[in-house]
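Per this note's numbering, the very first residue in the sequence shown carries number 1046; after that it's consecutive.
Below is one structure, written out as structure tokens, with a few remarks after it.
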Amino acid sequence: MKILTILGARPQFIKAGSVSRQISKHQDIEEIIVHTGQHYDANMSDIFFDEMKIPKPNYFLGIGGKSHGAMTGQMIEKIEEVAVQEKPDWIMVYGDTNSTLAGAIVASKLHVKLAHIEAGLRSFNMQMPEEVNRILTDRVSSILFCPTDTAVKNLQNEGFDNFDIEIIQSGDVMQDGAIFYKSLASKPNIDIEDNYILCTIHRAENTDNEDRIRDIFKALNKISYDKKIILPLHPRTKKIIDSLKLDTTNLTIIEPVGYLEMVWLIDNCSLVMTDSGGLQKEAYFFKKQSITLRDETEWVELVENGFNTLVGANSDKIIESYQNHSKFKTQNSQLNLYGDGEASKKIIEALLNYE
Ligand code: UD1
Ligand code: UDP
């Protein structure tokens, strides 16, 4: 069996780490990796391949830093060329980025079976590019690997039981990774006190809205006088901070870090504040409370169970939530929200048994 894996952005490299490790156990599966180039800085891309021992991409398309249309269109053209040449049995895509959508379109046009990992998630906010990417990708897939029960229900609510698409609740591949890489975690080379908040901000709905981004940094700066905030800064956010001259004087801003350092930072922090999708779950995996600076989340089970609080981007609400966070819950190991750490194995077995 030949799988053409499409990767492009940081969270996809992290998810692919676990699945590629599983694939390498099967001599009868050949994985061809296409890196679209959507993320291209060394600490947004290469570091993950090196540290997580993901096989080097067979193809690097070099399509990053462009508008959504230009990026997605150029990816479609180049991925199609690769797929025509490689003749894979499957195209495999992860998550909800423009690289995901480009891979999905190619599979559907060439009638290659498409496997979507992290399927069925919905924010119900069609302004988000990720929501559009997810919905379109799910609809043209042959097999959908859902990380949660909610994701399966979302698909059923959209009538997916009526389509010729297999739906599997596999659990979450990020849980596999968190378990595996915890023992390899490494402390970043910065001055770290015991009690710090780990923060990441990069979502377009925040960075591209001046009121929201100003309010977020106003709140973070204020909170940082009470507790140290470590912020590995996404290049997208760095550009906005620079152009709006936002006050970040008291924040500990560092370059984006690799996954092994990130796992250390999560495991040792006292609170997570983020608009990242992946980090909301990782906070839960590492028994940390999380405040999410978005209006909605795809990981609703964390909010429903009290592990995560959605505060949006209003600075008063962010500060109030920070002041109340000691009342939030942390992980209850009785709950099995994201599977048993065997999602990657289940995914590969399902592909091998697919008829
Ligand atoms: C993308 C995904 C988002 C995901 C995020 C993970 C889409 C629509 N969005 O958002 O869902 O949460 O990746 O991090 O696919 N840049 C660099 N160097 C890099 C990468 C990006 O400088 O290595 C800068 C460039 O100015 C680029 C901007 O960041 O234009 C945005 O990058 P892009 O990949 O378009 O979107 P993300 O915000 O990273
Ligand atoms: N991450 C990382 N280094 C960083 C910031 C984030 O390794 O400097 C990891 C984080 O732990 C999570 C993933 O990147 O596993 C999430 O990616 P991101 O927040 O960019 O995207 P999202 O999950 O929101 O799509």
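Don't be surprised by glycine CBs; every beta carbon is placed ideally from N, CA and C.
Just how far apart, CA to CA, sit residue 1209 and residue 1290? Roughly 51 Å separates the two Cα atoms.
Does residue 1288 come out as helix, strand or coil in the three-state DSSP assignment? DSSP places residue 1288 in helix when its eight states are reduced to three.
Since residue 1319 sits in a beta bridge, which residues does DSSP pair it with? Paired residues: 1245 and 1337.
Is it the case that the region 1212-1219 contacts the region 1047-1054, given that we only count it when at least three CB pairs across the two stretches are under 8 Å? Between the region 1047-1054 and the region 1212-1219, the count of Cβ pairs shorter than 8 Å is below three; the stretches do not touch.
On the criterion of 16 or more Cβ atoms from any shown chain inside 10 Å, does residue 1375 qualify as buried, or is it exposed? Of the other Cβ atoms in all chains shown, fewer than 16 fall within 10 Å of the Cβ of residue 1375; this residue is therefore exposed.
Tell me which residues share the same chain as residue 1343 and place their Cβ nearer than 6 Å to its Cβ, disregarding the 5 neighbours each side in the sequence. Excluding positions up to five away in sequence, the list reads 1166 and 1168.
State the CB to CB distance for the pair residue 1100 and residue 1079, rounded to an integer number of angstroms; the pair is presumed to be in contact (CB under 8 Å). Actually they are not in contact, since the Cβ atoms of residue 1100 and residue 1079 sit about 12 Å apart, beyond 8 Å.
Indicate whether the contact test is met: 3 or more Cβ pairs, each with one atom in the region 1359-1367 and one in the region 1377-1390, closer than 8 Å. No, the region 1359-1367 is not in contact with the region 1377-1390.
Which residues in the same chain have their Cβ closer than 8 Å to the Cβ of residue 1351, if we skip the five residues on either side of it in sequence? Correct list, in chain order: 1373 and 1374.
What residue from 1302, 1062, 1086 and 1197 has the CA that sits closest to residue 1234's CA? For residue 1234, the nearest C-alpha among the options comes from 1302.
beta-carbon residue 1215 near the ligand UDP non-hydrogen atom, thresh 7 Å: No, the ligand UDP has no heavy atom inside 7 Å of this Cβ.
Indicate whether residue 1146 and residue 1178 have their beta-carbon atoms separated by less than 8 Å. Closer than 8 Å, so yes.
Going by C-alpha to C-alpha distance, which of 1137, 1203, 1304 and 1371 sits closest to residue 1095? Among 1137, 1203, 1304 and 1371, the Cα nearest to that of residue 1095 belongs to 1304.
Does the region 1221-1234 come into contact with the region 1195-1208, if we say contact requires no fewer than three beta-carbon pairs (one atom in each stretch) closer than 8 Å? Contact check between the region 1221-1234 and the region 1195-1208: fewer than three CB pairs, one atom from each, fall below 8 Å, which does not count as touching.
Inter-residue spacing [alpha-carbon to alpha-carbon] between residue 1086 and residue 1207: Their Cα atoms are separated by approximately 42 Å.
DSSP three-state call for residue 1211: helix, strand or coil? In this structure, residue 1211 counts as strand in the three-state DSSP scheme.
How is residue 1113 classed by DSSP in three states: helix, strand or coil? Helix, per DSSP.
Would residue 1157 and residue 1149 qualify as a contact pair, given that the criterion is a beta-carbon distance under 8 Å? For residue 1157 and residue 1149, no; Cβs fall outside 8 Å.
What do you get for residue 1270, buried or exposed, if any count of 16 or more other CB atoms within 10 angstroms of its CB means buried? A residue is called buried when at least 16 other Cβ atoms come within 10 angstroms of its Cβ; residue 1270 does not meet this threshold and is exposed.
Can you check DSSP and say which residues form a bridge with residue 1138? For residue 1138, the pairing in a beta bridge is given by DSSP as 1051 and 1161.
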